[in-house]
Each structure stands twice: as structure tokens, then as C-alpha cells.
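Going by numbering that gives the first Met the number 0, the sequence shown opens with residue 0, and the numbers climb by one from there.
Here a beta-carbon is modelled for each residue, glycine too, at the ideal position from N, C-alpha and C.
Just so it is clear, the structure is predicted and the values come from calculations on it, not from any experiment.
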Amino acid sequence: MQTINEVVGFMKQNGTNCRLVSLVTETKPKLKPGCPFSGVVKVSRKRGIVNANYNTLVRRRIAKHLGVKLAEVEYTDGDVWYRHL
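Structure below.
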């Protein structure tokens, strides 16, 4: 994928499936004239999970541990550093 529109298209096509993703971005830094590093490119590689539902996983583990039905377990997500889409 080369553009943000392609990424958005992937997310729409993926739906609610949980997937592992890898991102590679390239950024050309602004350099001062005469800098010996002209033409250099910053490369960033990131891996992550898309559409993971940890709430259900945690509720299932609690229910199994306590020996109760899943519907009886109440669990609320805490604050997270990322933004849900």
C-alpha cells in the first residue's frame, strides 16, 4: 500500500477481523544546504494488531477462572494510549 486511501480501503475490507500488520514508512528529512547527508531517508518499521478485542478475551478468562457463565462477568476497559477506530 502506498497511499492513505489504500490503507483506509484495507481497513474497510478487513471489517471486524483481527489481523497482524506491519508498516514501513519512509520520510525524507529537511536538511540544511550543504549537508553531507543529502538524499538520506528515514525508515521506520512498526508491527501491530488491528481490530483486537481484548475485552472479550479478558471476560472469557475471568469466567473460566471463576467457573461462571460469560454473561455473568462484568469487565470495563481501562484507559489506553491508542485510539480505537
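From the options, pick the residue whose C-alpha is nearest to that of residue i; which is it?
i	options	result
Val40	Gly66, Gly8, Glu25, Asn54	Glu25
Arg59	Ser37, Asp76, Ala70	Ala70
Val42	Val6, Asp78, Lys27, Gln12	Lys27
Gly14	Val57, Asn52, Gly66, Thr75	Asn52
Leu22	Gly8, Gln1, Cys34, Lys11	Gln1
Gly77	Val57, Ala62, His64	Val57
What is the DSSP secondary structure of residue i, reduced to helix, strand or coil?
i	result
Gly38	coil
Gly47	strand
Val67	coil
Thr55	helix
Val72	coil
Gln1	coil
Gly77	coil
Strictly by DSSP, which residues pair up with residue i?
i	result
Lys27	Its beta-bridge partners do not exist; DSSP assigns none.
Leu19	Ile48
Taking only beta-carbon atoms, is residue i less than 8 Å away from chain C?
i	result
Asn16	Going by chain labels, chain C is absent from the structure shown, which holds only one protein chain.
Rounded to whole angstroms, how far is the Cβ of residue i from the Cβ of residue j, which I believe are closer than 8 Å?
i	j	result
Ile48	Leu30	The Cβ separation is near 35 Å, so there is no contact.
Asn50	Asn16	6 Å
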